[in-house]
Amino acid sequence: MPPPRFASFAIALPLHRVFDYRIAPNDAALAGTRYRLPFGNGVKTGVLLETSDVSELDPGRIKPVKERLDHEAIIDGHMLALARWMSDYYLQSFGEVVFQCLPGYLRGLRPYEPIRVKRWCLVKSDPALVAGLKRRSPRQFEICDALLKQPSGLTAIQLKQINPNWHAVVKALEVRQLVCWEWMEKPALEASPDGIPELSHEQHECLAELEPRLDRFAVHLLDGITGSGKTEIYLRLIQGRLALGLQVIYLVPEIGLTNQLIERVEQRFGECFAISHSGLTEFQRYQAWDRFRRGEVRIMLGTRSSLFSQCEALGLIIIDEEHDQSYRQQDGVRYHARDVAIKRAQMLAIPIVLGSATPSLETIANCARDTYFRYRLDRRPTRFAPPSIQLIDVRNSRFEFGCTAQTFTHIERHLAQAGQVLMYLNRRGFAPVVMCHECGWQSLCQNCDARLTLHQSVQTLLCHHCGYAQAVPKACPECAHTEIKHYGIGTEQLEQGLIQRYPDTTVLRIDRDVIASRAALKSRLQQLQSGEPCILIGTQMIAKGHDYPAITLSVILDADQALFSASYRSSERLAQTLFQVSGRSGRGDREGEAIVQTRFPDHPLMQALSQRNYRDIASDLLQERRLLGFPPFARVVMFRADAIELKAALARLEDIRAVLESAPGFDALSCVGPMPALMTRRVGRYRGQLALISQDYQALRSVLQQAMPALEQLAASARVSWSIDVDPPDL
Ligand code: ADP
Ligand code: ZN
Ligand code: ZN
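Residue numbers for the sequence shown follow our numbering, so the first one is 16 and each next one is one higher.
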């Protein structure tokens, strides 16, 4: 009988260990393949890590695997090493991290199969035939017309953008033998020289300095004002990498991945890229992942988790808007995609380029420590500099749906000059407060410590934290009085007010309520692109990344809240938002303006924002952080617990604190808590937190490492769950 063979597996469980199983003697047992494993009374998927002839456990008690799922490794050695590092750095379970690195489609029991993509084409490229469809079957015409313009054909994802019900239409066209499909082969690299702008002097200098440094690991920061042409530099860098046969990962914030950017990349690189974002199905993201992995496409353009795309020849990682909060994953495995990307680049000895007009203070501090290369771009290649921020003192003003007369004057002047106006209000719904005029009753969520927001179009009070919804009461539930009033302004009310005030102007709203689909977003962005005068209202979805040259005025309505926020990051975030929003205007051939309504025009931060540039403000904010001992000058590890009762959550944190206290070195750290979280009740659960803070990272690590084995014993249950958050975005 051949000797037994064992293998260790990563399983997506919140346990910091691997699991041993017995494998057949003739099993190829490739690291990085998945197996079905018996687990308890059920089965789980595991990724094979390594094999061995011996096991530390009693061999008789080790169960055999059930079945192998993959014939090739779907996670390579480098990605497993990165997962190891993440698990170690973020103190998350290795098994969960490994599965996080895989596309959602492969986290279950589906076997891996290489994906082939279908592409539909016209059987005959005949404009007259296509035109003939126009009257009788407009839907067929629409698709045939698009195929006429794209002789190489269109994929399902592309067809869906034309018509969400494309499938039925294409089927009918196939029956009529007007359209056929083929398997998509590896696309040729078709860079089109049309429309590539001549580099500005600054862009040229930047590339000249950067390019010779691309042969090794280094972090490069493009610290360039809004509209200074950073995207153009990314595209040139990509071009250079592709020419060497290398591949590139290009990450953008969740909302930054608009058709505008996709079109720009497509125009430059033909079909040589894959797209991945949360608006796609799991299967589509898997398709993108697989095509990049097999080298069929050379560029992966996507949001946060696209960082985990594998390939043969990664030659560059780009992180656009590196300061953006969407790079931070807040639930499940907690990590920061920018920081993991830097580690990945270091492990592969390849360069990484970060870009932002408003870099995070962490990144600026790293530049100051001289570990990053920093390139400054202070001019727009187009005609005008970004506008400076003008404050509008609203202390004694009358408001109409959140705007003052002075604001209207600005809006009207810009509309009269055929400009587009962008209005930023980061609060969706109609009004954030609903209150009884008689007794002061307020509409509160039954699951959270939060007010319900009035959504008038659907006559609903809605909780933005847990989704709880109820009808708007006709009378006060406390005193039965019927005079129930709302206070404050949301985007829905602003839209309604502006439509009434400017009946001849197009008013577009972009927020989560109206952008249920990417198609809805696309149609609005197309209107902006058309350059027709209009007013665009939006939440943070419109703050970043967009490049619409006809916008000449940015209006920021509710900046004041951030001045008095409890978060130590609020000043940084306010500065980033104001510079990003104001930077949307004046990108074309007309000068832009930016105005901010405020009740606190004398507040030092407001003064700074209106008089100084982001770089100087950021360096002051950093100084402040240093004095106060906040990150990046201190490191924080946050423990959070939640339970059906606050007492239970806090008790669990006391247990955690006790474990930490027993680790040598604890006394040198500061430990804050346990205490209730800022919003104590959320989604029906009470939440508490405990922060471990130190200026000495090694000391912090050492305590945690010693405490980890005992912490793992504090198993989570349905009653009390808890988690660790390393480098949390807030305290
Ligand atoms: P950023 O990414 O820094 O915000 P973009 O690369 O989007 O800037 O550039 C802003 C605008 O300027 C875009 O419309 C872009 O097409 C244009 N642009 C960029 N570089 C040049 C250039 N060298 N010459 C002319 N226009 C340029
Ligand atoms: Zn009342
Ligand atoms: Zn709620």
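Don't be surprised by glycine CBs; every beta carbon is placed ideally from N, CA and C.
So if DSSP puts A656 in a beta bridge, which residue, or which two residues, is it bridged to? As a position in the sequence shown, residue 656 is number 641, starting the count at 1. Per DSSP, G703 and W737.
P447 versus K500, T424 and P401, residue with shortest Cα-Cα distance: As a first step, residue 447 is located in the sequence shown; it is residue number 432 there, counting from the start. Checking every option, the nearest Cα to that of P447 belongs to K500.
M101 to R353, Cα distance in whole Å? The sequence position of residue 101 within the sequence shown is 86, counting from 1. The sequence position of residue 353 within the sequence shown is 338, counting from 1. Between M101 and R353, the C-alpha separation is close to 12 Å.
Just the C-alpha distance for D160 and A146, rounded to the nearest angstrom, thanks. Sequence index remark: in the sequence shown, residue 160 carries index 145 (1-based). Sequence index remark: in the sequence shown, residue 146 carries index 131 (1-based). Here the alpha carbon of D160 sits roughly 8 Å from the alpha carbon of A146.
Given C195, which residues of its chain have a CB within under 6 Å of its CB, disregarding the five upstream and five downstream residues? One-based indexing of the sequence shown puts residue 195 at position 180. Contacts found: V138.
Give the straight-line distance between the Cα atoms of R667 and S580, rounded to the nearest whole angstrom. The count along the sequence shown starts at 1 and reaches residue 667 at position 652. The count along the sequence shown starts at 1 and reaches residue 580 at position 565. Between the C-alpha atoms of R667 and S580 there is a straight-line separation of about 28 Å.
Would DSSP call S685 helix, strand or coil? Indexing the sequence shown from 1 puts residue 685 at position 670. Strand at S685.
Enumerated in chain order, which unbroken segments of the beta strand (DSSP E) with a length of 3 residues or greater are wholly contained in the stretch 53 to 108? Segments of the beta strand (DSSP E) lying fully in the stretch 53 to 108: 57 to 67.
What's the call for I659, buried or exposed, on a 16-neighbour Cβ count within 10 Å? Working through the sequence shown from its first residue, we reach residue 659 at position 644. Exposed is the call here.
Proximal residues to I557 (C-beta, below 6 Å), its chain only, five neighbours per side dropped: Stepping through the sequence shown from its first residue, residue 557 is reached at position 542. Only I525 meet the Cβ criterion.
Could you give the DSSP three-state label for F307: helix, strand or coil? As a first step, residue 307 must be located in the sequence shown, where it is residue number 292. Here F307 sits in helix by DSSP.
Suppose only complete runs of 3+ residues qualify. What are the beta strand (DSSP E) ranges in the stretch 394 to 443, listed by chain order? Whole beta strand (DSSP E) segments, 3+ residues: 404 to 408 and 435 to 439.
How many Å lie between D103 and F414 at the Cα? Here residue 103 corresponds to residue number 88 of the sequence shown, with the count starting at 1. Here residue 414 corresponds to residue number 399 of the sequence shown, with the count starting at 1. Each residue's alpha carbon lies about 53 Å from the other.
Contact shell at 6 Å, judged by CB to any heavy atom of ligand 2, ordered along the chain: A Cβ closer than 6 Å to some heavy atom of ligand 2 marks a residue here, and those residues are C451, E453, C454, W456, C491, E493, C494 and H496.
If we count the other Cβ atoms within 10 Å of its Cβ and call it buried at 16 or more, is P166 buried or exposed? The residue labelled residue 166 in the question sits at position 151 within the sequence shown. The residue is exposed, with fewer than 16 neighbouring Cβ atoms inside 10 Å.
Measure how close the beta-carbons of I158 and I177 come, nearest whole angstrom, since I'm counting them as under 8 Å. Position 143 of the sequence shown, counted from the start, is the residue given in the question as residue 158. Position 162 of the sequence shown, counted from the start, is the residue given in the question as residue 177. Right, their Cβ atoms sit about 6 Å apart.
Heavy atom of ligand 1 within 6 Å of L193 beta-carbon: As a position in the sequence shown, residue 193 is number 178, starting the count at 1. Answer for L193: no, Cβ out of range of ligand 1.
To the nearest whole angstrom, what separates the beta carbons of G310 and L259, a pair I think is in contact under 8 Å? On the sequence shown, residue 310 is found 295 positions in, with the first residue counted as 1. On the sequence shown, residue 259 is found 244 positions in, with the first residue counted as 1. Actually they are not in contact, since the Cβ atoms of G310 and L259 sit about 14 Å apart, beyond 8 Å.
Which same chain residues end up closer than 7 Å to S321 when comparing Cβ atoms and leaving out the 5 residues on each side of it in sequence? As a working mapping, residue 321 is identified with position 306 in the sequence shown. Contacts found: I264, L266, S291 and M315.
Neighbouring residues (CB closer than 6 Å to any heavy atom of ligand 1): The filter returns P212, E213, L214, S215, Q218, G239, T241, G242, S243, G244, K245, T246, E247, P396, T397, D562 and R602, in chain order.
If you measure between the beta carbons of R308 and L97, is that distance less than 7 Å? If you number the sequence shown from 1, residue 308 lands on position 293. If you number the sequence shown from 1, residue 97 lands on position 82. No, they are not a contact pair.
Tell me, please, whether the stretch 278 to 292 touches the stretch 360 to 369 by the rule of three or more beta-carbon pairs shorter than 8 Å. The stretch 278 to 292, when compared against the stretch 360 to 369, does not touch it at the 8 Å Cβ threshold.
Nearest to T695 by alpha carbon, out of L665, V718, E669 and I552? By 1-based counting over the sequence shown, the position of residue 695 is 680. Closest option to T695, Cα to Cα, is L665.
Out of L705, V651 and L643, state which residue places its alpha-carbon closest to the alpha-carbon of I671. As a working note, residue 671 is residue 656 in the sequence shown. Of L705, V651 and L643, the smallest CA-CA separation from I671 is found for L705.
From the DSSP secondary-structure annotation, give me the bridge partner or partners of C195. One-based indexing of the sequence shown puts residue 195 at position 180. For C195, which the question treats as bridged, DSSP gives the partners C136.
Along the chain, which unbroken stretches of the beta strand (DSSP E) at least 3 residues long are found entirely within the stretch 241 to 300? Runs of the beta strand (DSSP E) spanning 3 or more residues and lying entirely within the stretch 241 to 300 occur at 262 to 266 and 288 to 291, in chain order.
D631, DSSP secondary structure in three states: Reading the sequence shown from its first residue, position 616 is the one you call residue 631. D631 carries a helical assignment under DSSP once its states are collapsed to helix, strand and coil.
Three or more C-beta pairs closer than 8 Å, one from the stretch 726 to 736 and one from the stretch 482 to 493: is that the case here? Segments in contact, no.
Any heavy atom of ligand 3 inside 6 Å of the beta-carbon of H470? Start at 1 with the first residue of the sequence shown, and residue 470 comes out as number 455. Result no, Cβ not under 6 Å from ligand 3.
On the CB-based measure, 16 or more other CB atoms within 10 Å of its CB, does W181 come out buried or exposed? Taking the first residue of the sequence shown as position 1, residue 181 is located at position 166. Classification of W181: buried, given that the 10 Å Cβ count is 16 or more.
Is it true that the CB of A633 sits closer than 7 Å to the CB of I379? Counted from its first residue, the sequence shown places residue 379 at position 364. Counted from its first residue, the sequence shown places residue 633 at position 618. It is a contact, given that the beta carbons lie within the stated cut-off.
Any non-hydrogen atom of ligand 3 closer than 6 Å to Y483 Cβ: Residue 483 sits at position 468 when you count from the first residue of the sequence shown. Checking the Cβ of Y483 against ligand 3 gives yes.
Are any of the Cβ atoms in chain D nearer than 7 Å to that of S291? Looking for chain D here will not work: only one protein chain is present.
Name the two residues that bound the continuous alpha helix (DSSP H) containing A664. Position 649 of the sequence shown holds residue 664. For A664, the enclosing alpha helix (DSSP H) stretches over residues L661 to E676.
Which of the three DSSP states, helix, strand or coil, is assigned to E312? Here residue 312 refers to the residue found at position 297 when the sequence shown is read from its first residue. This sequence places Val at residue 312; Glu is not what is there. V312: coil per DSSP, three-state reduction.
Should A25 and L72 be called a contact, given that it needs their Cβ atoms to be closer than 7 Å? Locating residue 25 in the sequence shown gives position 10, counting from the first residue. Locating residue 72 in the sequence shown gives position 57, counting from the first residue. Against a cut-off of 7 Å, the Cβ pair of L72 and A25 comes out as no contact.
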